[in-house]
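Going left to right, the sequence shown walks through residues 951 to 1545 as the numbering used here numbers them.
Think of the CB as a built atom: it goes at the ideal place given N, C-alpha and C, for glycine as much as any other residue.
The structure presented is a predicted model; accordingly, all values stated were derived computationally and were not measured.
These notes are about the structure you will find just below.
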Amino acid sequence: MDGKKLEYKGEDALKEIEKLTTTAGEVQYGILKEILKRNAETEYLNKYMKGSIDVSQFKSCVPVITYKNIYPYIQRIANGEDSSLITGQPITEILCSSGTSAGEPKLTPSIAEDLDRRTFLYNLIMPIMNQYIPGLDDGKAMYLYFVKAELSTPCGLPFRTVLTSYYKSKHFKCRTRDPFNDFTSPDQAILCNDSNQSMYCQLLAGLVHRHQVMRLGAVFASALLRAISFLERKWAQLCNDIRTGHLDLSMIDPACRSAMMSILSSPNPDLADEIESICSRPSWKGILCHLWPRAKYIEAVVTGSMAQYIPPLEYYSAGKLPLVCTMYASSECYFGVNLKPICDPAEVAFTLLPNMGYFEFLPLGENGALAMDIDEEEAVPNDRLVDLVNVKVGCYYELVVTTFSGLYRYRIGDVLQVTGFHNQAPQFRFICRRNVVLSVDIDKTNEEDLHRSITTAKKLLEPYNALLVEYTSYADTSSVPGHYVLFWEIQMVDSATSIDAKLLQECCVTVEEELDYVYRQCRSREKTIGPLEIRVVEPGTFEALMDLFISQGGSINQYKTPRSIKSSTALKLLNSHALASFSSPRDPKWISLNG
C-alpha cells in the first residue's frame, strides 16, 4: 500500500486498527485526495474535473454510477486500450464477480497494489481472533479454498476471480510461515483447477491431520456444506487412501499427487479405522466435532443470504462450534472486519476500515424502505451521499465506493444498516443485495424479506425432523395472475418421520403472511398475484444447480445460491428435479390501512 507496512502481528495489528478508526475522517480525506492526485489525468475523471484534484469539486461534479456506466471503459481496456482511461496506474488484471446475484459476471479493474490492501486486511484477522480464542497457534486450520481456471482478455490481461487472484499471487504463495496460519491443505491442492480433485485432496489432508485441526472453514458457508456432502459420498474412498498410504488413481493432477503423497507418507490403518467408525454412524449430527475434536470454531460468511446455512452447520457441529464471520469484502473492494467475531451470526457487524478505499453512503431511510424506491439505474443527486463518519446509527444505506483502480462513486448494491461506531468508524450489519427481488405486480420483495419469511415458515418442519437444506425462487408470470414459486430441498433427519401435503401448504401460507403489506394487498384484495407455490426438489438438486453455474464460468469459491432465478437453463434444471408441488390453500391475512 504505497510502501506502507502490510503485515501486523498481535498487538501491532490491534493498535493499527485503533489508529485508523480513531482518525477515520482524516484517513478518508487523505485517501480521496491521493486517489484524485494519481488519477486526475484519466479520461474518465478529466471529463468531470478538468484536471482538478479538489475534493469538493469531486463531490459536486463526479456522478454516482452503476456498473453499466463504467463497463464501456473496462471493456475498452480489456480490448487493449490504455489503463489511463480510468486509472493512473497499470491495470494488471480484470476481476470477475461470481455473477450469481445479478446475472452475468461483472468485470472489475484491479491494480498491483490492490493485492497489498487485501493482504493487509487478511493479516488483521488472526490478531482479532486471538483476543477471543487463545491458543490457535497450537494447531492447524482446515480451510477449504479453491481457484477457478483463469482466462485472458483480448489484450492478454488475466481474467479471474478475486480469490483466484489472491491465491495465485506471491502474497499467498510466498507468505511468511506463521503458526496462526498453518493450513492442512497444501498449496498445490488449493491451486488445482479441478474442483473435485481439489476438494478430495483438501479433505484428505484435513482427515490425516484431524487431531491437529483447531478451526474449520471456507469462504462461504455453502462451500463448507458442499464439502460435507462430498465427504458423505467419498469417506470410504478417503479412508482407503489413508489405510494404504496411496492416493486414489483418479487424482491425476501431478502437483496434487506429489504434495499428497508426502502427506500420505505411510499406511495408517488405525487412523482409517477411527474415521470409518465415525463416518459410518447412522446420524451425522455433530460429525464435524467427531472428526475434528480439537476444533474451536467454524469460519465462513453466514450473513445475508448465507444465513440460510446456519441451521445445517449447527446440525453438523451439534451447536458446539461458534460460527465466525471475520470480514466484509467484494471483488470491487475489501471493506472491513468484524471486531467481535464470536458474536451471534444475527448480530455480526463489520467495522469499515477507512484506508481501504473512499466510502460514501446513499441513505435509504430509517427502516430501509427507500431501498426499493430508488431504482438501481436511477440518477442519484451528488449531494445526497453521506461521508463515512457522518452516517447515523439505525439508518440504512447503500454503499458507494471510490477506488485507486478506477471506480468512482460506484454503487456496490449492498444495503447496510449502521449498528454503532468503533471510535470514528461506523459498524454495519449487512442486510441484502438491492437487486435480488421478486415482483409480479406492484409488489417488490427483496432478499431480506424473502429470507425472513422462509425462516419463519421452515420452523413448521422442525417437529417432523425435517430440515430445509436450500432454497431459491422465481416469479412465474407465464399465467395470469403471476405468482411466486419457491424451490425447496428438504432433508429428513429421521427417516421414520414424514411430512404431508397439508404441512407444506401451511408453509406456503406462512411465507405469504410474513411478506409485506403490498404483497398481501395484491394477493388478498387486488387478486393481481396468485397463490404462492412451493416445489419440493430431490436431494442434490442445488449441488447440480451450483455445478451448472460453475460450468458457465462461476467460481466454486465465490458461489452463492441465487435467491432469485433469472436463467431459463437454471429454471429448467430445477423443474426437472421437482418431486411435488404445493400451493397456498387460502389468502394471507390483510387489513386495509384505512380500516
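{"Check": "Do V1350 and F1398 have their beta-carbon atoms positioned less than 7 Å apart in this structure?", "Outcome": "Going by the sequence as given, residue 1398 is Glu instead of Phe. Cβ atoms of E1398 and V1350: not closer than 7 Å."}
{"Check": "Helix, strand or coil for R1026, going by three-state DSSP, please let me know.", "Outcome": "helix"}
{"Check": "Shortest alpha-carbon distance to Y1421 belongs to which of N1373, F1492 and I1078?", "Outcome": "F1492"}
{"Check": "Where does Y1082 sit, in a helix, a strand or coil, going by DSSP?", "Outcome": "helix"}
{"Check": "Touch check for the stretch 1209–1222 and the stretch 1185–1196: three-plus C-beta pairs under 8 Å?", "Outcome": "yes"}
{"Check": "What are the boundary residues of the alpha helix (DSSP H) that Y1265 is part of?", "Outcome": "I1260 to Y1266"}
{"Check": "Can you say whether L970 is buried or exposed, counting buried as having 16 or more other CB atoms within 10 angstroms of its CB?", "Outcome": "buried"}
{"Check": "Could you work out which residue in V1330, T992, L1453 and Y1509 is closest to K1009 when comparing CA atoms only?", "Outcome": "V1330"}
{"Check": "If you run the structure through DSSP and keep just helix, strand and coil, what is D1537?", "Outcome": "coil"}
{"Check": "With distance defined between alpha-carbon atoms, name the residue in K1539, Y1434 and V1443 nearest to S1514.", "Outcome": "Y1434"}
{"Check": "Nearest CA to the CA of T1069: which residue from Y1093, V1112, P1512 and E1031?", "Outcome": "V1112"}
{"Check": "Could you check what DSSP says for P1313 in three-state terms: helix, strand or coil?", "Outcome": "strand"}
{"Check": "Measure from the alpha carbon of M1079 to the alpha carbon of each residue in S1531, I1248 and V1486, then state which is nearest.", "Outcome": "I1248"}
{"Check": "The beta strand (DSSP E) spanning K1090 covers which residue range?", "Outcome": "K1090 to L1094"}
{"Check": "Residues in its own chain within less than 8 Å of A1494 by CB, not counting five upstream and five downstream?", "Outcome": "L1523 and H1527"}
{"Check": "Under the assumption that N1373 contacts E966 (Cβ atoms under 8 Å), give the Cβ distance between them as a whole number of angstroms.", "Outcome": "Not a contact, Cβ separation roughly 13 Å."}
{"Check": "What three-state label does DSSP hand V1461 in the structure shown?", "Outcome": "helix"}
{"Check": "In whole angstroms, give me the CA-to-CA distance for K1516 and S1208.", "Outcome": "42 Å"}
{"Check": "In chain order, what residues of the same chain have a beta carbon less than 7 Å from the beta carbon of C1011, not counting five sequence neighbours either side?", "Outcome": "Y998 and M999"}
{"Check": "Using CA atoms only, rank isn't needed, just tell me which of S1200, R1379, G1038 and Q1502 is closest to G1001.", "Outcome": "G1038"}
{"Check": "Please go through the same chain and pick out, in chain order, the residues whose beta-carbon is closer than 8 Å to the beta-carbon of M1164, but skip the five residues on each side of it.", "Outcome": "G1085, L1086, D1088, G1089, K1090, A1091, R1244, A1245 and K1246"}
{"Check": "Can you tell me whether DSSP reads M1256 as helix, strand or coil?", "Outcome": "helix"}
{"Check": "How big is the Cα-Cα spacing for L1436 and N1396?", "Outcome": "14 Å"}
{"Check": "Since L964 and P1077 should fall inside the 8 Å C-beta cutoff, what is the C-beta to C-beta distance between them, to a whole number of angstroms?", "Outcome": "6 Å"}
{"Check": "Does the stretch 1102–1111 come close enough to the stretch 1164–1183 to have 3 or more Cβ pairs within less than 8 Å?", "Outcome": "no"}
{"Check": "Assuming R1361 is part of the alpha helix (DSSP H), what are its boundary residues?", "Outcome": "Not the alpha helix (DSSP H): R1361 falls in the beta strand (DSSP E), residues Y1360 to H1372."}
{"Check": "Whose C-beta lies closer than 7 Å to the C-beta of F1378 among residues of the same chain, with five residues either side of it excluded?", "Outcome": "A1299, F1300, L1302, L1366, Q1367, V1368 and T1369"}
{"Check": "Going along the chain, which unbroken runs of the alpha helix (DSSP H) with 4 or more residues stay wholly within the stretch 971–1051?", "Outcome": "974–989, 993–999, 1005–1011 and 1017–1028"}
{"Check": "Decide if K1123 is buried, meaning its Cβ has at least 16 other Cβ atoms within 10 Å, or exposed.", "Outcome": "exposed"}
{"Check": "Excluding the 5 residues preceding and the 5 following E1488 in the sequence, name in chain order all residues of the same chain whose CB lies nearer than 6 Å to its CB.", "Outcome": "H1527 and L1529"}
{"Check": "Going by DSSP, which residues form a beta bridge with S1060?", "Outcome": "E1043"}
{"Check": "Within 10 Å of its beta-carbon, does T1253 have 16 or more other beta-carbons around it, so buried, or fewer, so exposed?", "Outcome": "buried"}
{"Check": "If we ignore side chains and look at the alpha-carbon of each, how far apart do I1083 and C1046 end up?", "Outcome": "35 Å"}
{"Check": "For E896 and M1201, what's the separation of their Cα atoms in angstroms?", "Outcome": "The chain is shown from 951 up to 1545; residue 896 falls before or after that span and cannot be answered."}
{"Check": "Can you round the beta-carbon distance between A1155 and P1136 to whole angstroms, since I take them to be within the 8 Å contact cut?", "Outcome": "6 Å"}
{"Check": "Could you round the C-beta distance between P1262 and V1419 to whole angstroms and report it? I think they count as a contact, below 8 Å.", "Outcome": "6 Å"}
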